[in-house]
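Peer 1:
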Amino acid sequence: MSLPAHVAIVMDGNGRWAKNKGLPRSAGHKAGIDALRATVRHSVRRGIKILTVYVFSSENWQRPDAEVGLLIELFMASLNDEMDELNSNNVRLKFIGDISAFPDKLQELVCSAARNTAGNGGLQLVIAINYGGRGEIVSACKKLFIELHAQGRNAADITEQALRSHLDLPDYPDLFIRTGGELRVSNFLLWQLAYTEMYFSDVYWPDFDTAEFERALASYVRRQRRFGRTSEQLVGTSTNALRGICRDGNGKV
Ligand code: FPP
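At the far end of the sequence shown sits residue 239, using the numbering used here, and the numbering has no gaps.
1. Count the C-beta pairs between the stretch 168 to 179 and the stretch 119 to 130 that are closer than 8 Å, then say yes if the count reaches three, no if not.
2. Short of 6 Å in beta carbon distance, which residues of its chain neighbour Q93, apart from the five on each side in sequence? Order them along the chain.
3. Please go through the same chain and pick out, in chain order, the residues whose beta-carbon is closer than 8 Å to the beta-carbon of L109, but skip the five residues on each side of it.
4. Can the beta-carbon of H(-8) be found closer than 8 Å to that of P159?
5. Does DSSP put V26 in a helix, in a strand, or in coil?
6. Does any heavy atom of ligand 1 sit closer than 7 Å to the C-beta of S29?
7. Ignoring anything shorter than 4 residues or poking outside the stretch 121 to 171, list the alpha helix (DSSP H) runs there in chain order.
8. Do R209 and E183 have their C-beta atoms within less than 8 Å of each other?
9. For my contact list, F194 and S187 are in at a C-beta cut-off of 8 Å; report their separation, rounded to the angstrom.
10. Roughly how far, in whole angstroms, is the beta-carbon of G105 from the beta-carbon of G(-1), given that I think they are within contact range, below 8 Å?
11. Using a Cβ-Cβ cut-off of 7 Å (strictly less than) and excluding sequence neighbours within five positions of I82, which residues of its own chain qualify?
12. Below 8 Å on the Cβ atoms is my guess for L65 versus V207; work out the distance and round it to an integer in Å.
13. If you compare alpha carbons, which of E168, R32, H152 is closest to Y185?
14. Looking only at its chain, what residues have a beta carbon closer than 6 Å to the beta carbon of D143, apart from the 5 residues adjacent to it on each side?
15. Should G(-1) be counted as a contact of ligand 1 given a C-beta to heavy atom distance under 7 Å?
16. Run the proximity test for R11: is its beta-carbon closer than 7 Å to any non-hydrogen atom belonging to ligand 1?
17. Would you grab the beta carbon distance between V(-4) and R164 for me? Rounded to a whole angstrom, and I think it's under 8 Å.
18. Just verifying my parser: in three-state terms, what is the DSSP assignment at T196?
19. Ordered along the chain, which non-local residues of its own chain (more than five positions away) have a Cβ less than 6 Å from that of C127?
20. Is the distance from the Cβ of R240 to the Cβ of E68 below 8 Å?
Here it is, written out as structure tokens:
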């Protein structure tokens, strides 16, 4: 199988990486930014179309105030610092999640980063901040309800395609990677991961390097995606074609 077009990553283990080294958690998050930069560069090199990363979940507000504040500061600083390189690599930024909960400064930065990179046609880097999969689905339901109500339509018009069109992220990842040794999804892209291939890595996020990324890609390439069908049915059908069937919602899988 060819390389995944869309990779989604839960970048877990910054805190434990730092603790193991006798460093403060902040050092882990800073090292996490370096690993993210390297991952973006490698995604560009490998021609990946979309990279979606979980930077701050809707549940991360429950962390100590100081850590939340640090993550927000680091996020803003790194967005500023990386803009030139992102632009020179033709990377387009998209943000998913409810940014209205963040300080105005961050909201303005996010909007201008998305605007300033909107014309780039290379990798799309999707950054999930204050994002939660359940919240995204509920908010899509509300938007769809309002739309249907305004048009005098009813529940029969609720379809997978219609709901999907109201999600923050309508694209489906081909490969999900979670570092840090935990085997869970943690409310990330709940709708979108339905047929995504999973790769769990024991390395802490700051140690996620090109070699480990390549191991994840190689694992994906070796797999057979069946989208509910049998192996025999797949003979002569490309993954892209199958992905299309699944994506359009008319494959009853
Ligand atoms: C998980 O480590 C990581 C996060 C909470 C968020 C991801 C953040 C980064 C990769 C660095 C910051 C990036 C930006 C752009 C600000 P953890 O703290 O949950 O680690 P632990 O499970 O070992 O405690």
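Even glycine gets a Cβ: it sits at the ideal position worked out from N, Cα and C.
Peer 2: Per the coordinate set shown:
1. Flag = yes, the stretch 168 to 179 and the stretch 119 to 130 touch.
2. Within the sequence shown, numbered from 1, the residue matching residue 93 stands at position 107. Once the five neighbours on either side are set aside, the close Cβ partners of Q93 are I85.
3. As a working mapping, residue 109 is identified with position 123 in the sequence shown. By the criterion of a C-beta distance shorter than 8 Å, L109 is surrounded in its chain by V26, S29, V30, I34, K35, I36, L37, N75, N76, V77, R78, once the five residues flanking it on both sides are discounted.
4. Position 6 of the sequence shown, counted from the first residue, corresponds to residue -8. Position 173 of the sequence shown, counted from the first residue, corresponds to residue 159. Yes, the Cβ-Cβ distance between H(-8) and P159 is below 8 Å.
5. Within the sequence shown, numbered from 1, the residue matching residue 26 stands at position 40. Looking at V26 - three-state DSSP - the assignment turns out to be helix.
6. The residue labelled residue 29 in the question sits at position 43 within the sequence shown. Outside the cutoff, so no.
7. Runs of the alpha helix (DSSP H) inside the stretch 121 to 171: 146 to 150.
8. Within the sequence shown, the letter at position 223 stands for residue 209. Within the sequence shown, the letter at position 197 stands for residue 183. Yes.
9. Taking the sequence shown and counting its residues from 1, the one referred to as residue 194 is at position 208. Taking the sequence shown and counting its residues from 1, the one referred to as residue 187 is at position 201. In this structure F194 touches S187 by the C-beta definition: roughly 7 Å separates them, less than 8 Å.
10. Taking the sequence shown and counting its residues from 1, the one referred to as residue 105 is at position 119. Taking the sequence shown and counting its residues from 1, the one referred to as residue -1 is at position 13. The beta-carbon distance between G105 and G(-1), rounded to whole angstroms, is 35 Å. This is too long to meet the 8 Å contact definition.
11. Taking the sequence shown and counting its residues from 1, one reaches residue 82 at position 96. Only V112, A114, Y117, D154, L155 meet the Cβ criterion.
12. The residue given as residue 65 occupies position 79 in the sequence shown. The residue given as residue 207 occupies position 221 in the sequence shown. Distance from L65 to V207 at the Cβ level is roughly 32 Å; contact not present, criterion being Cβ atoms closer than 8 Å.
13. Reading the sequence shown from its first residue, position 199 is the one you call residue 185. Of the candidates E168, R32, H152, the one whose C-alpha sits nearest the C-alpha of Y185 is E168.
14. Within the sequence shown, numbered from 1, the residue matching residue 143 stands at position 157. If we look at D143 and ignore the five residues flanking it on each side, its Cβ neighbours are L134.
15. Reading the sequence shown from its first residue, position 13 is the one you call residue -1. Remark: the shortest separation between the CB of G(-1) and any heavy atom of ligand 1 falls under 7 Å.
16. For the purposes of this step, residue 11 is identified with residue 25 of the sequence shown, where counting begins at 1. Remark: the shortest separation between the CB of R11 and any heavy atom of ligand 1 falls under 7 Å.
17. For this step, residue -4 is matched to residue 10 along the sequence shown. For this step, residue 164 is matched to residue 178 along the sequence shown. With a Cβ gap of about 4 Å, V(-4) and R164 count as contacting.
18. As a first step, residue 196 must be located in the sequence shown, where it is residue number 210. In the three-state DSSP reduction, T196 falls in the helix class (H, G or I).
19. In the sequence shown, the residue the question calls residue 127 occupies position 141. Within its own chain, no residue has a Cβ closer than 6 Å to the Cβ of C127 once the five positions on either side in sequence are excluded.
20. Residue 240 is absent from the model: the chain starts at -13 and stops at 239.
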